[in-house]
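Asker:
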Amino acid sequence: MKETERLIEFITPKPKAKKNKAPSVATLKRWMNDGGCETPCGCWVEPDGYCEHGKPSWLLLMGLI
Ligand SMILES: [Zn+2]
228 MKETERLIEF ITPKPKAKKN KAPSVATLKR WMNDGGCETP CGCWVEPDGY CEHGKPSWLL
288 LMGLI
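Residues 228 to 292 in my numbering are what the sequence shown spells out, letter by letter.
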């Protein structure tokens, strides 16, 4: 039983992977109100900007601006 639990833990995606998941519309609206936007790597940039890793903001990526 213990071994099975360990295996399940091993194959289950880790929570930090959800950083790359597209944000909800509510989150995007909140970011726009804040005057910025996050990128898939978690950086904070201008709504139409790119971060130091070359990643576009989610608003750009999703074609919203
Ligand atoms: Zn970045």
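All C-beta atoms, glycine included, are put in the ideal place defined by N, C-alpha and C. Quick caveat, the model's predicted, so the values are computed rather than measured.
Applying the 10 Å Cβ sphere with the 16-neighbour rule, what's the burial state of T266?
Answerer: Here residue 266 refers to the residue found at position 39 when the sequence shown is read from its first residue. Buried, because 16 or more other Cβ atoms sit within 10 Å of the Cβ of T266.
Asker: Is C264 closer than 8 angstroms to L234 when the C-beta atoms are compared?
Answerer: By one-based count along the sequence shown, residue 234 stands at place 7. By one-based count along the sequence shown, residue 264 stands at place 37. Result no, Cβ atoms of L234 and C264 do not sit closer than 8 angstroms.
Asker: Can you tell me whether V252 is buried or exposed, with buried defined as 16 or more other CB within 10 angstroms of its CB?
Answerer: Along the sequence shown, one-based indexing puts residue 252 at 25. So V252 ends up on the exposed side.
Asker: Could you check whether the Cβ of K282 sits closer than 7 angstroms to any heavy atom belonging to ligand 1?
Answerer: As a first step, residue 282 must be located in the sequence shown, where it is residue number 55. Indeed, a heavy atom of ligand 1 lies less than 7 angstroms from the Cβ.
Asker: Say yes only if the C-beta of T266 is nearer than 7 angstroms to one or more non-hydrogen atoms of ligand 1, and no if none qualify.
Answerer: As a working note, residue 266 is residue 39 in the sequence shown. Because some heavy atom of ligand 1 lies under 7 angstroms away, the Cβ of T266 counts as near it: yes.
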